[in-house]
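Novice: Handing you this structure, nothing more for now.
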Amino acid sequence: MPPRTVKFRAATVAAVLALGTILLAASPQSGAAAEPAPVTDYCQGQCDDILPPGENGNATLVDILGNKAFGTHPAHSDDQLDRYNGLVAGHAGLTDRKLTDFFNDASFGVPKGQVESVTSPRDDVTITRDKASGVPHIKGTTRYGTEFGAGFAAGQDRLWLMDLFRHIGRGELTSFAGGALANQGLEQQFWPQAPYTEADLEAQVEYIRTHEGARGEQAMADAQAYVDGINAYREKSKKGRYFPGEYVLTGKMDAITNIGEIQPFRLTDLISLASVVGGQFGGGGGGEVQAALSLLSAQQKYGVAEGTKVWESFRQREDPEAVLTIHDGTSFPYAGKPATARGIALPDAGSVTAEPLIHDRTGSAGTDRKAPVKAPAALRKAQGIYDDGVVPEGSLPGSGAQKRGMSNALLVSGKHTAGGNPIAVFGPQTGYFAPQLMMLQEIQGPGISARGVSFAGVGMYIQMGRGQDYAWSATSAGQDITDTYAIDLCEPDGSAPTKDSTHYLYRGTCTAMETLERTNSWKPTVADSTAKGSYRMQVRRTNYGIVTHRATVGGKPVAYTSLRTTYRHEADSIIGFQMLNDPAYVKDAASFQRAASNIDYAFNWFYADSRTAAYYNSGMNPVRAAGVDPALPVKAERAYEWKGYDPAANTAAYTPFAEHPHSSGQDYYVSWNNKQAKGYAAAGFGLGAVHRADLLDDRVAKLVEEGGVTRASLTRAMAQAAVTDLRGEQLLPELLKVIRSRPVTDPELNSVVQQLESWRAAGSQRRESSPGSHAYTYADAVRIMDAWWPKLVEAEFRPGLGDGLYEALTANLATDESPAAGHGPSGAHSGSAFQYGWWGFVDKDLRRVLGQPVKGPLAKAFCGNGDLAGCRDALLSSLKQAAAEPAAEVYPGDDNCKAGEQWCSDSIVHRPLGGIAQKSVHWQNRPTYQQVVEFPAHR
-4 MPPRTVKFRA ATVAAVLALG TILLAASPQS GAAAEPAPVT DYCQGQCDDI
46 LPPGENGNAT LVDILGNKAF GTHPAHSDDQ LDRYNGLVAG HAGLTDRKLT
96 DFFNDASFGV PKGQVESVTS PRDDVTITRD KASGVPHIKG TTRYGTEFGA
146 GFAAGQDRLW LMDLFRHIGR GELTSFAGGA LANQGLEQQF WPQAPYTEAD
196 LEAQVEYIRT HEGARGEQAM ADAQAYVDGI NAYREKSKKG RYFPGEYVLT
246 GKMDAITNIG EIQPFRLTDL ISLASVVGGQ FGGGGGGEVQ AALSLLSAQQ
296 KYGVAEGTKV WESFRQREDP EAVLTIHDGT SFPYAGKPAT ARGIALPDAG
346 SVTAEPLIHD RTGSAGTDRK APVKAPAALR KAQGIYDDGV VPEGSLPGSG
396 AQKRGMSNAL LVSGKHTAGG NPIAVFGPQT GYFAPQLMML QEIQGPGISA
446 RGVSFAGVGM YIQMGRGQDY AWSATSAGQD ITDTYAIDLC EPDGSAPTKD
496 STHYLYRGTC TAMETLERTN SWKPTVADST AKGSYRMQVR RTNYGIVTHR
546 ATVGGKPVAY TSLRTTYRHE ADSIIGFQML NDPAYVKDAA SFQRAASNID
596 YAFNWFYADS RTAAYYNSGM NPVRAAGVDP ALPVKAERAY EWKGYDPAAN
646 TAAYTPFAEH PHSSGQDYYV SWNNKQAKGY AAAGFGLGAV HRADLLDDRV
696 AKLVEEGGVT RASLTRAMAQ AAVTDLRGEQ LLPELLKVIR SRPVTDPELN
746 SVVQQLESWR AAGSQRRESS PGSHAYTYAD AVRIMDAWWP KLVEAEFRPG
796 LGDGLYEALT ANLATDESPA AGHGPSGAHS GSAFQYGWWG FVDKDLRRVL
846 GQPVKGPLAK AFCGNGDLAG CRDALLSSLK QAAAEPAAEV YPGDDNCKAG
896 EQWCSDSIVH RPLGGIAQKS VHWQNRPTYQ QVVEFPAHR
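This note's numbering numbers the first residue of the sequence shown as -4 and each following residue consecutively.
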């Protein structure tokens, strides 16, 4: 199959044409393959999906130069973007028949008239691509051939992206793609979370093969076939000169001589890729050192007893007002606060220092110094495309306790739908990239029958999507599967240890820390002008995890370590995904839940078939010793270890299936990274009385009450929530009650209040006045809210908490995450918003001041010290300051927007991971990949 590119018009520069002649001279070989038996599609045209910007994520050098010179795009690289964006304006009049105006038809197979191309990399598999979206439909007659085809298709669509992320996982990004400051930051963010030697990676492959029975052996055979397929495409694309152009621009390949090499993929690369994906979206817990610091600050201000009470009220482990996914009252106790805590290891005040990561810097390391190379004339349009990093800074959620989240799900039981079958609108919210981190595909072969998305590079199986008569999806759960231990330091000669000691006591023996290192170096290329430089990354590994901080506890030196259950088990979840793709295994809600229970990362899994909607929370939840408080650091002593803990392979006892939140047949389910169920303690701050999941819960509950829910009406509920400001809908009514408790006598300030009231009455939306206007209907009210929120939170809480405790708590939980805020865990232009913030704190405090009932209140009243008049004065004063703040200060501008451009500041930007850029689109707080499904029939 020839590379999927657009044809350039006659005006294309001669240099580009010359390169095109070389690069497009040959096409991949094709062969004949036997057609496998057709499968029955029980969705009957009622399954839809979408993944912007487009399926095709590979671009030749010609494609890249054409994009830079003329704005052209390779075929199928952007053809889902307008439909995804169109739902903002189109959801109000949405009907079931109009869904495919905004989504792909996700039926199995390709109708004869819609076949764009057929490729057969082996005789036992075909890859058919449809005209509408270019999605690969992989059909194999053998298991090996099927998986080989999946790997080959992944190479066609995401070769550069897979190469990029295997190097991120291995901590080798700067050596591979250049030393841009953002690249330095990214490998420094990811590698310390999952540092491995090559032997460690090989051991994980072998562990799956030898510890998971026949399914483990099959999984590794499938993975090998997948890798073989990637490598087959890698070799063909090099010989045919249609490999991704980024290899030329980063100095890996020569466009004229074809000299250079794309390094072969290995099974261990899949482990590295899995560590990035799973650790980013499926982790949970951690952050106990920062939590300890805020607890100490509270105790310092109020005394130990009262300070602990205040801190716990902000920690909100078990807020009775939190929105729940399982809302029928069923309790699943896990990771709660013990009645009497044992082994807590709080640091001495002022003693905590972060473990240094970077050593031996040379040249441009730690800087953004540039030294551009002299690029050939034909390549100058693409010069410097990676000067800001291959993954621009802030594009991926940050590290720490707030790094995860995103994705949502809305499911309604068949009892409340018009057709009598469950309906689901769900998908992962994984940021916006070009190409996307995931790729859309259909895989049909022996023991596999599914369509959906897989993260590029680990796409042996569909990870979220649909089977023959069922569909499934996930949201990040974030329950606590990561603990912090305080290990006592020692010296092997018996001398007094210091904070810098590199030995520790393990079960009574002075043991050496293991040193893991990565030395990276770089030099300027056409793509990345960063000057020559290098550094060495170093982490210390212990039997209790990776060293993150040093401190003293009771005057004795310790190291704090981070230990997560999924460390050394990055790809074990492959077994669960294998089951989800197997139509012989998943036949109903119960078998789906069992399959999901084999996924080790912390996810909320949702399921719908023609009869049942269901839910299961997955994760390797460790069984902790009695009395251990999961929210704080604990002493590294055998009495406080996980039950059955063996550091050799990082194994322990885990909570059984029945203790994980799970449910079937509830009237409806919603999830937006909120609290799962009663008793399932929050792993971090922020799961309180107001959460963005309330935007879904309120709307879906109303639909269920009215009855007759349709695919369109449930999609509308999601789309309305996607453009709604959480603060405006949930908090503004209480703020206005406080302010209107007395007349506002200042005419200008009263006018500001009226603007906010009008916006709230209209639905508190951040939505264009008309499609393409790039201006919000209530632009000034939105500006005022954006300026006011951080000011009002500070005016409400800082006076009572004091500077030290206020700053410590804001380090645990940021006060705001508006769409325009670049400080959130997802960065600016990322779509995802309103997950992390002080919404619940403000809500509880204001209701208390207003004299309204509050369950699980904060330990003290803060706004105006509990006085309504004083609270009103504080709010009005901060509101007056906010109203006077010009748009250019509220929206200061960035590489994508000029200062003061409100719509642009909110807009979604698909961050280019390759050489193809995409246009900005309207803000939506919505899954990146999304399904709308209703199965009318079942096997």
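No residue lacks a Cβ here, since even glycine has one placed at the ideal position from N, Cα and C.
These figures come from a predicted structure and were not determined experimentally.
Specify the secondary structure class of Asp811 as computed by DSSP and reduced to three states.
Specialist: Taking the first residue of the sequence shown as 1, we reach residue 811 at position 816. Three-state result, Asp811: coil.
Novice: Can you tell me where the beta strand (DSSP E) holding Tyr663 begins and where it ends?
Specialist: What you label residue 663 is simply residue 668 of the sequence shown in a count that begins at 1. Start and end: 663 to 666.
Novice: Taking the alpha carbon of Ala101 as the reference point, which residue from Ala566, Gln925, Ser813 has its own alpha carbon closest?
Specialist: The residue you call residue 101 lines up with position 106 of the sequence shown. Ranking the options by Cα distance to Ala101, first place goes to Gln925.
Novice: Along the chain, where does the alpha helix (DSSP H) that runs through Cys866 open and close?
Specialist: The residue given as residue 866 occupies position 871 in the sequence shown. Run containing Cys866: 863 to 878, per the alpha helix (DSSP H) assignment.
Novice: What number of angstroms, rounded off, separates the C-alpha of Phe652 from the C-alpha of Ser592?
Specialist: Position 657 of the sequence shown holds residue 652. Position 597 of the sequence shown holds residue 592. Within the model, the alpha-carbon separation for Phe652 versus Ser592 is close to 7 Å.
Novice: I need the straight-line Cα distance from Ala20 to Tyr237, nearest angstrom please.
Specialist: Reading the sequence shown from its first residue, position 25 is the one you call residue 20. Reading the sequence shown from its first residue, position 242 is the one you call residue 237. Because Ala20 carries a pLDDT of 34, less than 50, the predicted location of this residue cannot be relied on, and the following value inherits that uncertainty. The alpha-carbon separation between Ala20 and Tyr237 amounts to approximately 8 Å.
Novice: Excluding five sequence neighbours on each side, which residues of the same chain lie with their C-beta closer than 8 Å to the C-beta of Gln661?
Specialist: In the sequence shown, counting from the first residue as 1, residue 661 sits at position 666. Excluding positions up to five away in sequence, the list reads Ile321, His322, Asp323, Ser408, Ala608, Tyr610.
Novice: Ignore the nearest five residues each way along the sequence and tell me which others in Gly379's own chain have a CB closer than 6 Å to its CB.
Specialist: Here residue 379 is taken as the residue at index 384 of the sequence shown, counted from 1. These residues qualify, in order along the chain: Ser524.
Novice: Could you tell me which of Trp833, Gln533, Thr510 sits nearest to Leu808, measuring between CA atoms?
Specialist: Along the sequence shown, read from residue 1 onward, the residue named residue 808 stands at position 813. Here the closest residue by C-alpha is Trp833.
Novice: Check whether the Cβ atoms of Val548 and Gly338 lie closer than 9 Å to each other.
Specialist: As a working mapping, residue 548 is identified with position 553 in the sequence shown. As a working mapping, residue 338 is identified with position 343 in the sequence shown. No; because the gap between Cβ atoms is not below 9 Å, this pair is not in contact.
Novice: On the three-state DSSP scale, how would you describe Gln109?
Specialist: To locate residue 109, count along the sequence shown from 1; it is residue 114. Reduced to three states, the DSSP call for Gln109 is helix.
Novice: Name, in chain order, the residues that DSSP records as bridge partners for Ala926.
Specialist: Taking the first residue of the sequence shown as position 1, residue 926 is located at position 931. Position check: residue 926 holds Gln in this sequence, whereas Ala was assumed. Asp44, Phe421.
Novice: Alpha carbon to alpha carbon, how far is Glu197 from Ala27? Give it in angstroms, no decimals.
Specialist: Here residue 27 corresponds to residue number 32 of the sequence shown, with the count starting at 1. Here residue 197 corresponds to residue number 202 of the sequence shown, with the count starting at 1. Note that Ala27 scores a pLDDT of 44, beneath 50, so its modelled location is shaky and nothing firm can be said.
Novice: Going straight from the alpha carbon of Ala396 to that of Thr719, what length do you get?
Specialist: Along the sequence shown, read from residue 1 onward, the residue named residue 396 stands at position 401. Along the sequence shown, read from residue 1 onward, the residue named residue 719 stands at position 724. Since pLDDT at Ala396 reaches only 39, below the 50 mark, its modelled position is unreliable, and the value read off the structure follows with that caveat. Answer to the nearest angstrom: the Cα atoms are 26 Å apart.
Novice: Taking Cβ positions, are Leu853 and Phe309 nearer each other than 9 Å?
Specialist: On the sequence shown, residue 853 is found 858 positions in, with the first residue counted as 1. On the sequence shown, residue 309 is found 314 positions in, with the first residue counted as 1. Yes. Within cutoff.
Novice: Between Ala643 and Ala360, what straight-line distance do the alpha-carbon atoms span, to the nearest angstrom?
Specialist: Walking along the sequence shown from the start, residue 643 turns up at place 648. Walking along the sequence shown from the start, residue 360 turns up at place 365. Roughly 35 Å between the two C-alpha positions.
Novice: From Phe836, His824, Gln919, Leu691, pick the residue whose C-alpha is nearest to that of Phe428; which is it?
Specialist: Within the sequence shown, the letter at position 433 stands for residue 428. Nearest C-alpha to Phe428: His824.
Novice: Can you tell me whether Asn178 is helix, strand or coil according to DSSP?
Specialist: Position 183 of the sequence shown, counted from the first residue, corresponds to residue 178. Residue state, collapsed to three classes: helix.
Novice: Look up Asn599 in the DSSP assignment and give the residues it is bridged to.
Specialist: Along the sequence shown, read from residue 1 onward, the residue named residue 599 stands at position 604. Beta-bridge pairing links Asn599 to Thr470, Asn612.
Novice: Of all the options Thr710, Lys786, Ala349, which has the alpha carbon lying nearest to the alpha carbon of Asp96?
Specialist: What you label residue 96 is simply residue 101 of the sequence shown in a count that begins at 1. Checked all of Thr710, Lys786, Ala349; the closest Cα to Asp96 is Thr710.
Novice: DSSP state of Thr650, grouped into three classes?
Specialist: By one-based count along the sequence shown, residue 650 stands at place 655. Three-state result, Thr650: coil.
Novice: Please report the distance separating the alpha-carbon of Leu744 from that of Lys893.
Specialist: Along the sequence shown, read from residue 1 onward, the residue named residue 744 stands at position 749. Along the sequence shown, read from residue 1 onward, the residue named residue 893 stands at position 898. Between Leu744 and Lys893, the C-alpha separation is close to 28 Å.
Novice: Within 8 Å, do at least three Cβ pairs link the stretch 47 to 56 to the stretch 882 to 891?
Specialist: no
Novice: Which residue marks the beginning of the alpha helix (DSSP H) containing Val438, and which one marks its end?
Specialist: For the purposes of this step, residue 438 is identified with residue 443 of the sequence shown, where counting begins at 1. The sequence given here places Ile at residue 438; Val does not occur at that position. That residue, Ile438, is in no alpha helix (DSSP H); its beta strand (DSSP E) goes 433 to 440.
Novice: Indicate whether Ala806 and Leu291 have their beta-carbon atoms separated by less than 9 Å.
Specialist: Here residue 806 refers to the residue found at position 811 when the sequence shown is read from its first residue. Here residue 291 refers to the residue found at position 296 when the sequence shown is read from its first residue. No, these two residues do not count as a Cβ contact at 9 Å.
Novice: Would you kindly work out how many angstroms separate the C-alpha atoms of Ser586 and Asn576, rounded to a whole number?
Specialist: As a first step, residue 586 is located in the sequence shown; it is residue number 591 there, counting from the start. As a first step, residue 576 is located in the sequence shown; it is residue number 581 there, counting from the start. Their backbone Cα atoms lie some 12 Å apart in a straight line.
Novice: If you check the beta carbons only, do Val553 and Pro342 fall under 9 Å apart?
Specialist: As a working mapping, residue 553 is identified with position 558 in the sequence shown. As a working mapping, residue 342 is identified with position 347 in the sequence shown. Taking 9 Å as the Cβ cut-off, Val553 and Pro342 qualify as a contacting pair.
Novice: Do you know how far the Cα of Gly442 is from the Cα of Ala579?
Specialist: For this step, residue 579 is matched to residue 584 along the sequence shown. For this step, residue 442 is matched to residue 447 along the sequence shown. C-alpha separation (whole angstroms): 7 Å.
Novice: Which residue from Asp58, Phe65, Asp43 puts its Cα closest to that of Asp91?
Specialist: Translated into the one-based positions of the sequence shown, residue 91 becomes position 96. Nearest to Asp91 by alpha-carbon distance, out of Asp58, Phe65, Asp43, is Asp43.
Novice: When the distance is taken between beta carbons, is Leu319 closer than 9 Å to Asn669?
Specialist: Taking the first residue of the sequence shown as position 1, residue 669 is located at position 674. Taking the first residue of the sequence shown as position 1, residue 319 is located at position 324. In contact: Asn669 and Leu319 (Cβ atoms closer than 9 Å).
Novice: According to DSSP, is Gln151 helix, strand or coil?
Specialist: For the purposes of this step, residue 151 is taken as residue 156 along the sequence shown, with counting starting at 1. Looking at Gln151 - three-state DSSP - the assignment turns out to be helix.
Novice: Mind checking who Pro131 pairs with in its DSSP beta bridge?
Specialist: Here residue 131 is taken as the residue at index 136 of the sequence shown, counted from 1. Answer is Arg124, bridged to Pro131.
Novice: Alpha carbon to alpha carbon, how far is Pro351 from Gln533?
Specialist: For this step, residue 351 is matched to residue 356 along the sequence shown. For this step, residue 533 is matched to residue 538 along the sequence shown. Distance between the alpha carbons of Pro351 and Gln533: 8 Å.
Novice: Once DSSP output is grouped into helix, strand and coil, what is the label at Arg364?
Specialist: By one-based count along the sequence shown, residue 364 stands at place 369. Reduced to three states, the DSSP call for Arg364 is coil.
Novice: Check whether the stretch 409 to 425 touches the stretch 199 to 206, counting contact only when three or more Cβ pairs, one atom from each stretch, lie closer than 8 Å.
Specialist: Contact fails: fewer than three Cβ-Cβ distances are below 8 Å.
Novice: To test your reading of the DSSP string, which unbroken beta strand (DSSP E) runs of 3 or more residues are found completely within the stretch 241 to 310?
Specialist: none
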